[in-house]
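Counting in our numbering, the sequence shown runs from 7 upward without gaps.
Notes follow the structure.
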Amino acid sequence: MTTLITTRGGTRRYGARHRWTVLSVGVGAQASFSAMFSGIPVTAVSMRSGYHLSLGSLGLVLSCLGLGVAASDIAWGVLTDRWGDRRVLLLGLTATGALLAVMAVAVTPSEHAGVALLAVCLLAAGALGGSVNGASGRAVMTWFADGERGLAMSVRQTAIPIGGAVGVALLPWLAERYGFRAVYAVPAVFCLLAAAATWRWLHGPGPEAATAAPEPGPSPLRRWDVWRVALASGLLTVPQFAVLSFTAVFLHDVKGAGAALASLTVLIAQLGGGAARIWTGRRTDRRGGRRTWIRAIGALSGVVMAAAAVLTHAPTPVTVAALAAGGLLANSWHGIAYTEIAALAGAARAGTALGLEGTACFASGFLTPLLVPVVLAVASWEAVWGLAAFAALLAVPLVPRQALTGR
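The structure is reproduced here in structure tokens:
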């Protein structure tokens with residue numbers, strides 16, 4: 007496969023190896039957004055005190071990130087199928103970086119920013135940054151053959167916990183040491199650097215690959231098998247966001263622990279989940295069974311989160327271990343689920359399918375931070391972790407059973 011790109015300096019030829027460069031750019035784009043998306047919620051304790059938020063207001067503000075992605079992901083996916091991944095990534099990353107830069111200047115506690123302004127800005131950040139989900143995924147689908155897509159998509163999806171781990175480790179420290187001006191400025195730089203890399207290195211495959219892609223069939227939005235994978239993924243996202251968004255608050259309020267322990271817990275979940283994504287992606291490329299693996303991970307996630315509910319008032323190391331394990335499993339299925347839904351739709355419609363997947367996942371990312379304070383108001387932290395377990399178990403029968411010859 008060779009791609010010819012005409013520039014002012016002449017025509018450049020990109021061979022099959024360029025697919026790894028494309029994957030690297032996709033990883034960078036996904037990681038830059040994830041550092042902001044995952045890191046900001048872990049500043050919850052500093053955000054609550056700095057902006058003078060109630061627990062309910064905090065949940066609303068944090069949920070706006072997920073709402074922004076959920077509201078925009080299908081539209082970004084459709085635009086990606088029409089405009090191409092390069093244009094969409096350039097637009098989304100540049101706009102996200104610019105917005106975060108504005109927030110660093112004008113939407114900080116020292117600028118007396120209120121709940122409404124903060125919520126609107128985080129909603130917009132999620133909506134703009136969500137462009138990376140479908141666009142980078144479609145680039146992977148068009149450059150990699152089916153026998154490599156599981157690994158490639160899992161590597162791309164691993165950028166989410168890796169970038170998230172950077173954000174989780176860095177942003178709470180920045181919030182405590184330098185304030186929210188730095189919390190917004192650093193991810194802004196990440197997004198703008200990713201946009202520059204996209205402009206320089208991300209190019210589409212050549213005519214040979216384009217003609218090899220399957221012809222567009224019915225829209226993924228009209229196929230129940232595609233919807234089942236997306237809805238199951240949305241349910242599996244509930245324990246992920248419960249651990250990500252409220253571990254810091256839980257450990258602070260119940261265990262009297264500081265932000266360092268919360269960051270460590272989420273860090274283990276993110277990095278362990280990233281490693282599991284790569285392993286399952288590679289294994290399913292060789293042996294198939296992506297749907298079977300999604301079902302198995304859902305069952306295990308449910309069992310471990312149920313254990314976390316039972317161990318809520320156990321010694322802190324035991325509780326932390328259960329939450330870290332539950333978070334790890336809740337972060338481990340994404341690569342194979344995104345690969346499966348894109349494969350069901352076909353490369354020509356992958357952007358739309360991945361947009362639907364992102365919408366389902368980030369809708370859960372919006373609803374989970376809203377539900378947790380409600381559950382706490384009427385019940386307890388045991389009920390919070392129990393709800394996460396129930397959602398994961400409910401996802402298992404939704405995933406279509408594996409076809410005998412399918413991956």
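Don't be surprised by glycine CBs; every beta carbon is placed ideally from N, CA and C.
- Query: If you draw a straight line from the alpha carbon of H310 to that of T164, how long is it in whole angstroms?
  - Reply: This sequence places Val at residue 310; His is not what is there. Looking at the two C-alpha atoms, the distance is approximately 21 Å.
- Query: If you draw a straight line from the C-alpha of C70 to the C-alpha of A125, how long is it?
  - Reply: 6 Å
- Backbone secondary structure at E214 - three-state DSSP: Bear in mind that the predicted position of E214 carries a pLDDT of just 39, short of 50, making it too unreliable to give a figure here.
- Item | Beta-carbon separation (whole angstroms), T358 vs G98, contact threshold 8 Å | Rounded, the Cβ-Cβ distance is 16 Å, inconsistent with contact.
- Query: In chain order, what residues of the same chain have a beta carbon less than 7 Å from the beta carbon of L227, not counting five sequence neighbours either side?
  - Reply: T358 and L362
- Message: Quick check: the Cα distance between V272 and L250, rounded to an integer number of angstroms?
- Response: Cα atoms of V272 and L250: separation of roughly 6 Å, rounded to the nearest angstrom.
- Best match in M109, E346, G392 and A369 for proximity to V235 [C-alpha to C-alpha]: E346
- Item | Beta-carbon separation (whole angstroms), P245 vs A397, contact threshold 8 Å | 7 Å
- Put S52 into one of helix, strand or coil per three-state DSSP. helix
- Task: Within the same chain, show all residues whose beta-carbon is closer than 7 Å to that of V33, passing over the 5 residues directly before and after it, in chain order.
- Result: V161, R162 and A165
- May I have the straight-line CA-CA distance separating A107 from L123, to the nearest angstrom? So the alpha carbons of these two residues sit roughly 15 Å apart.
- Look at the alpha carbon of T243 and the alpha carbon of F150, and state the distance between them as a whole number of angstroms. 26 Å
- Task: Following the continuous alpha helix (DSSP H) through A379, name the residue where it begins and the one where it ends.
- Result: Looking at the sequence provided, one finds Pro at residue 379 rather than Ala. Unbroken alpha helix (DSSP H) run through P379: A356 to V384.
- CB-CB length for V45 against L177, believed under 8 Å: For clarity, residue 45 is Gly in the given sequence; the question names Val instead. Confirmed, about 3 Å.
- Apart from the five residues just before and just after R155, which ones in its own chain have a Cβ nearer than 6 Å to its Cβ? T345
- Query: How many angstroms separate the CA atom of L241 from the CA atom of L68?
  - Reply: 19 Å
- Mind the definition here: the segment 274-284 touches the segment 326-336 only if three or more C-beta pairs lie below 8 Å; say whether that holds. yes
- Task: Determine the burial state of W26: buried for a count of at least 16 other Cβ atoms within 10 Å of its Cβ, exposed for fewer.
- Result: By the neighbour-count rule (16 or more Cβ atoms within 10 Å), W26 is not buried but exposed.
- Message: Please return the same chain residues whose Cβ sits closer than 8 Å to the Cβ of F247, not counting the five positions on each side in sequence.
- Response: G72, S370, G371, T374 and P375
- Task: Starting from W339, follow the alpha helix (DSSP H) in both directions and report where the run begins and ends.
- Result: First-last for W339: undefined, no H or E at that position.
- Beta-carbon proximity check, D79 vs A141, cutoff 7 Å: no
- Message: Using C-beta distances below 7 Å, list every residue in its chain close to V260, excluding the 5 sequence neighbours before and after it, in chain order.
- Response: W387
- Report yes if the C-beta distance between V31 and A203 is below 7 Å; otherwise report no. yes
- Message: I need the boundaries of the alpha helix (DSSP H) containing P178, first residue and last residue.
- Response: D152 to R183
- Item | Any non-hydrogen atom of the ligand GDP closer than 6 Å to T290 Cβ | The ligand GDP is absent from the structure shown, which contains no ligands of any kind.
- Query: F196 and S38: beta carbons closer than 7 Å?
  - Reply: yes
- When DSSP labels each residue in this structure, what does S30 get in the three-state scheme? helix
- At which residues does the alpha helix (DSSP H) containing G140 begin and terminate? S137 to W149
- V381 to V390 span [Cα, whole Å]: Each residue's Cα considered, the two are about 6 Å apart.
- Query: Can you tell me whether DSSP reads P321 as helix, strand or coil?
  - Reply: Of the three classes helix, strand and coil, the one that applies to P321 here is coil, per DSSP.
- Message: Considering only their Cβ atoms, is the gap separating T365 from A131 smaller than 7 Å?
- Response: no
- Which value, in whole angstroms, describes the spacing of the CA atoms of D377 and A356? With the sequence shown as reference, residue 377 is identified as Leu, and Asp is not the correct amino acid for it. Cα to Cα, the separation comes out at about 31 Å.
- What first and last residue would you give for the alpha helix (DSSP H) that runs through S251? W230 to V260
- For A158, which residues from the same chain have a beta carbon less than 6 Å from its beta carbon, with the 5 sequence-adjacent residues on both sides left out? Residues L29, V146 and F150 of the same chain have their beta carbon placed closer than 6 Å to that of A158, with the five preceding and five following residues left out of the count.
- Message: Can you look up Y190 in the DSSP assignment and give me helix, strand or coil?
- Response: helix
- Whole-angstrom Cβ separation of L95 and S40, contact assumed at under 8 Å? That pair is no contact at about 14 Å.
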